[in-house]
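Notes for the one structure printed next.
Numbering (the numbering used here), first residue to last: 1 to 195.
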């Protein structure tokens with residue numbers, strides 16, 4: 001039975017503390033502790049083979065193996081993207097799934113089907129609501145034909161909102177002038193022009 005891992009967030013702070021933090025050099029080892037990691041991958045097989053002996057460059061040897069592997073495809077100061085991919089040759093690998101690590105949290109990236117179905121569902125829901133509003137506004141009269149009721153203004157700003165907007169604009173203007181002039185004592189003054 002395959003468990004859906006797309007809604008899981010995983011982390012192991014005690015591992016990070018023991019290793020002195022996360023880096024590009026140990027991110028795959030950290031990832032190998034997660035439930036996302038496939039224990040039958042080439043990474044795991046090579047790790048077991050090199051556990052007690054040194055076979056040289058790990059990454060170079062991994063490229064020579066065919067099958068499922070994990071590779072860091074993007075790295076940043078505190079985030080990494082890891083690809084689960086099927087390697088068919090030293091130069092060709094097909095991505096299967098992506099995972100991302102932000103700070104110490106590991107997530108599975110959603111697949112294209114999930115993203116598109118979610119967007120389509122939201123689009124259809126919005127269209128349905130719009131059609132319901134339009135159909136409720138339609139009026140028909142035998143003499144004049146179809147007409148539409150004007151919607152009620154519910155979002156009209158009140159006096160307090162207008163006053164707050166004016167105060168905020170004044171504060172922002174003074175801050176902008178202060179940044180331009182560099183005079184904190186007189187934030188709204190403009191320096192005189194040079195002759």
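Glycine is no exception: its CB is placed at the ideal position from the N, C-alpha and C atoms.
Going by DSSP, residue 71 is part of the beta strand (DSSP E) stretching over 67 to 75. Here residue 50 carries a coil assignment [DSSP, helix/strand/coil]. Under a 10 Å Cβ-count criterion, residue 140 is classified as exposed, with fewer than 16 other Cβ atoms of the shown protein chains found around its own Cβ. A residue is called buried once 16 or more other Cβ atoms fall within 10 Å of its Cβ, and residue 127, having fewer, is exposed.
Taking the CA atoms as reference points, residue 33 sits about 53 Å from residue 173. Closest by C-alpha distance to residue 105, out of 80, 3, 65 and 48, is 80. Here residue 160 is exposed: its Cβ has fewer than 16 other Cβ atoms, across all protein chains shown, within 10 Å. If you draw a straight line from the Cα of residue 10 to the Cα of residue 52, it is about 29 Å long. The criterion of a C-beta distance shorter than 7 Å is not satisfied by residue 41 and residue 78.
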